[in-house]
Every structure is written in C-alpha cells, then in structure tokens.
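Contents: one structure, followed by commentary.
In this note's numbering, the protein residues as written are 166 to 246.
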C-alpha cells in the first residue's frame, strides 16, 4: 500500500481491510508512507507477522525527507515519451 496514512485519514479503513483479506497468506506485502503515523503502525501490526520498518529520517521526525528531490517533466504529446 502506498500512502497508507492518507488512505486511513480519508476513511478508507474498511476498504483496506477488505483488500488485505483478499491477499494470500504466502504473499509478500509492502506498505509505503512518507510519514509513519500510529494508525499505519497499527495497520502493519494487524496484518503482518513480523513487520519491518525502514526509516530514512529519525523515528520521531514525522516530516518528509527534505533531501529528496522530485522532478516533473511535462510531455505535450504521447509520441514524445
């Protein structure tokens, strides 16, 4: 799940529960979030056997990493992609 915290904030918890219930238990699952809110941590502990958290920032820093640069290229025509 990408941006699981935003999905929870927007009220998609029932849909997440439905989705997670459809995944085979022998499959690997990954959750991504720029911030790791308590609700996301609870979601991970509920569905993962041994959740592993990889953090780029300090654990108490809930801000996105400022060292990451995002670039956007606007392509006017599909043939130029």
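Ideal placement from N, C-alpha and C gives every residue a C-beta, glycine not left out.
Whose C-alpha, out of the options, is nearest the C-alpha of residue i?
| i | options | result |
| --- | --- | --- |
| residue 196 | 241, 171, 238 | 171 |
| residue 191 | 179, 201, 177, 214 | 214 |
| residue 202 | 169, 238, 242 | 169 |
| residue 209 | 187, 244, 182 | 182 |
| residue 233 | 185, 194, 207, 221 | 221 |
Within 10 angstroms of the Cβ of residue i, are there 16 or more other Cβ atoms? Answer buried if so, exposed if not.
| i | result |
| --- | --- |
| residue 219 | exposed |
| residue 205 | buried |
| residue 236 | exposed |
Residue range of the alpha helix (DSSP H) that residue i falls in?
| i | result |
| --- | --- |
| residue 179 | 178-186 |
| residue 208 | 203-212 |
For residue i, does the three-state DSSP call read helix, strand or coil?
| i | result |
| --- | --- |
| residue 167 | strand |
Whole-angstrom Cβ separation of residue i and residue j, contact assumed at under 8 Å?
| i | j | result |
| --- | --- | --- |
| residue 185 | residue 212 | 5 Å |
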